[in-house]
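Presented below is the structure to which this report refers.
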Amino acid sequence: MNPEKARAIIKYIKTNAPDNDKVNKGLKEIKIKLTQDNQNVHIFRQQGLTSLIANLFTKDDERVIMWVLSILTSCLLHREFQEEVHNSTIIPAVVNVFKNTDNASIRHRACRVIGQQCTYDLSVSQFHHLNVLSGVLAFLKDAKEDEEKKTAIITLRFLANNSHHSEHILKEDGLSYVCIYGLTSSNENLCWESIKTIYYLSKYPSTLFISQVLKGTKNLQLLGKFYEKGKQDSHFVLHTFLNIFWSHCSSSSTRQYTGNCIMLDYLTMASFPFMIICELQSK
Numbered sequence: 001m002n003p004e005k006a007r008a009i010i011k012y013i014k015t016n017a018p019d020n021d022k023v024n025k026g027l028k029e030i031k032i033k034l035t036q037d038n039q040n041v042h043i044f045r046q047q048g049l050t051s052l053i054a055n056l057f058t059k060d061d062e063r064v065i066m067w068v069l070s071i072l073t074s075c076l077l078h079r080e081f082q083e084e085v086h087n088s089t090i091i092p093a094v095v096n097v098f099k100n101t102d103n104a105s106i107r108h109r110a111c112r113v114i115g116q117q118c119t120y121d122l123s124v125s126q127f128h129h130l131n132v133l134s135g136v137l138a139f140l141k142d143a144k145e146d147e148e149k150k151t152a153i154i155t156l157r158f159l160a161n162n163s164h165h166s167e168h169i170l171k172e173d174g175l176s177y178v179c180i181y182g183l184t185s186s187n188e189n190l191c192w193e194s195i196k197t198i199y200y201l202s203k204y205p206s207t208l209f210i211s212q213v214l215k216g217t218k219n220l221q222l223l224g225k226f227y228e229k230g231k232q233d234s235h236f237v238l239h240t241f242l243n244i245f246w247s248h249c250s251s252s253s254t255r256q257y258t259g260n261c262i263m264l265d266y267l268t269m270a271s272f273p274f275m276i277i278c279e280l281q282s283k
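Take the sequence shown: its position 52, counted from the start at 1, is 52 in the UniProt record's numbering, and no numbers get skipped.
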């Protein structure tokens with residue numbers, strides 16, 4: 001794409017900023033160009049797309065916000081754009097929209113943008129500081145569609161990028177939300193996204209993790225049902241169980257004989273010994 005063309009579209013939007021219809025027309029054209037060629041992201045970025053988006057979040061027009069969020073979902077696939085977003089006012093603007101709109105479509109798209117930006121590790125702390133977690137958990141609880149639940153659960157996974165952030169999620173009962181609204185679903189894809197998120201939360205030994213994963217006594221059995229010898233994603237299930245066992249045994253408050261027996265009963269009912277045998281046989 002010709003850089004002059006990108007510059008002209010951005011200028012058109014800026015010049016006609018008071019006219020929401022014209023702004024939407026310009027944003028639609030940008031989205032079309034981004035869809036046609038991934039390299040157009042870099043061209044628009046070099047012509048000032050990031051600052052344009054930051055300014056458009058001040059508009060009180062749902063159509064504009066929808067287009068801006070849609071454009072961000074295309075742009076945030078690129079590291080350079082994520083870096084610019086991190087250093088702009090876009091993150092607090094997206095969080096503000098996400099937590100304060102009643103429009104389910106906007107909430108869903110904003111949650112997706114948050115998840116995408118969280119793959120840029122430096123931004124995760126900023127999202128936690130802005131308490132985006134409460135918004136994600138509320139969105140997951142309110143979600144009517146499986147796609148909405150999946151987006152929220154994936155976003156939780158990206159928010160759990162270290163032990164400190166995982167602890168924050170657990171303190172807000174985040175794992176329980178994943179188990180209730182994701183793991184128990186009849187949608188297999190949603191269940192697998194839930195399992196992957198549970199696995200990431202299990203990587204850091206914690207009594208909070210143990211208490212929440214055992215809150216519903218069938219959680220471990222549900223996890224166990226997704227283990228299949230030789231299946232590519234089964235390692236998420238196996239390593240989650242290994243992390244659960246390690247987390248339980250490494251906690252000084254759970255070394256009591258009775259507690260260990262109860263945990264072993266749960267693991268046995270969830271076919272954990274069978275998984276170990278299968279893995280040993282495959283070596």
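Yeah, the Cβ is synthetic: ideal placement off N, Cα and C, and Gly gets one too.
Cβ pair count under 8 Å reaching 3, the region 45-52 against the region 91-104 = no
key: Opening and closing residue of the alpha helix (DSSP H) in which LEU233 lies   = Locating residue 233 in the sequence shown gives position 233, where the first residue counts as 1. Looking at the sequence shown, residue 233 is not Leu but Asp. Note, ASP233: premise wrong, no alpha helix (DSSP H); not H, not E.
request  = Could you tell me which of GLN126, ALA152, SER125 and GLU145 sits nearest to ILE138, measuring between CA atoms?
outcome  = Residue numbering aside, residue 138 sits at position 138 when the sequence shown is read from its first letter. The question names Ile, yet the displayed sequence has Ala at residue 138. The residue with the shortest Cα to Cα distance from ALA138 is ALA152.
message = For residue 285 and PHE236, which I take to be in contact (beta-carbon distance under 8 Å), what is that distance rounded to the nearest angstrom?
response = The question about residue 285 has no answer here: the residues shown for the chain are numbered 1 through 283.
Nearest candidate by alpha-carbon position, reference LEU27, set GLN39, PRO18, ASN40 and ILE13 = Counted from its first residue, the sequence shown places residue 27 at position 27. Answer by Cα proximity: ILE13.
Secondary structure of LYS11, DSSP reduced to three states = Translated into the one-based positions of the sequence shown, residue 11 becomes position 11. If DSSP states are grouped into helix, strand and coil, LYS11 belongs with the helices.
key: Residue of CYS191, VAL41 and VAL124 minimising C-alpha distance to SER163   = One-based indexing of the sequence shown puts residue 163 at position 163. Nearest C-alpha to SER163: VAL124.
key: LEU222 versus CYS191, TYR200, PHE57 and TRP246, residue with shortest Cα-Cα distance   = Your numbering for residue 222 matches position 222 in the sequence shown. Selected option, being the one with the closest Cα: CYS191.
inquiry  = Closer than 8 Å is the cut-off here; do at least three beta carbon pairs connect the region 105-112 with the region 79-89?
reply    = no
query = Counting along the chain, where does the alpha helix (DSSP H) carrying ASP174 start and finish?
reply = Counting from 1 along the sequence shown, the entry for residue 174 is found at position 174. The question names Asp, yet the displayed sequence has Gly at residue 174. Start and end: 174-178.
ask   = When the distance is taken between beta carbons, is LEU175 closer than 8 Å to PHE209?
value = Here residue 209 refers to the residue found at position 209 when the sequence shown is read from its first residue. Here residue 175 refers to the residue found at position 175 when the sequence shown is read from its first residue. Taking 8 Å as the Cβ cut-off, PHE209 and LEU175 qualify as a contacting pair.
query = Among the residues of its own chain, which have a CB less than 6 Å from the CB of ILE43, if the five just before and after it don't count?
reply = To locate residue 43, count along the sequence shown from 1; it is residue 43. The answer, listed in chain order, is MET1, PRO3 and ALA6.
task = Can you tell me which of GLU228, LEU214, ILE32 and GLN39 puts its alpha carbon nearest to the alpha carbon of SER247?
result = Numbered from 1 along the sequence shown, position 247 holds the residue referred to as residue 247. When each option's Cα is compared against that of SER247, the closest is LEU214.
ask   = Cβ of SER166 versus every heavy atom of the ligand ATP: is any distance shorter than 7 Å?
value = In the structure on display, the ligand ATP does not appear, and there are no ligands present to speak of.
task = Could you tell me which of LYS25, LYS141 and MET66 sits nearest to CYS179, measuring between CA atoms?
result = Within the sequence shown, residue 179 is the residue found at index 179, counting from 1. Looking at the Cα atoms, LYS141 is the closest of the given residues.
request  = State the start and end residues of the unbroken alpha helix (DSSP H) segment that holds GLY135.
outcome  = Walking along the sequence shown from the start, residue 135 turns up at place 135. First-last of the alpha helix (DSSP H) with GLY135: 132-142.
request  = Pull up the distance between the alpha-carbon of ALA17 and that of ILE90, whole angstroms please.
outcome  = As a first step, residue 17 is located in the sequence shown; it is residue number 17 there, counting from the start. As a first step, residue 90 is located in the sequence shown; it is residue number 90 there, counting from the start. Going from the Cα of ALA17 to the Cα of ILE90 covers about 18 Å.
Inter-residue spacing [alpha-carbon to alpha-carbon] between ARG63 and TYR227 = Looking up residue 63 in the sequence shown gives position 63. Looking up residue 227 in the sequence shown gives position 227. Cα to Cα, ARG63 sits roughly 44 Å from TYR227.
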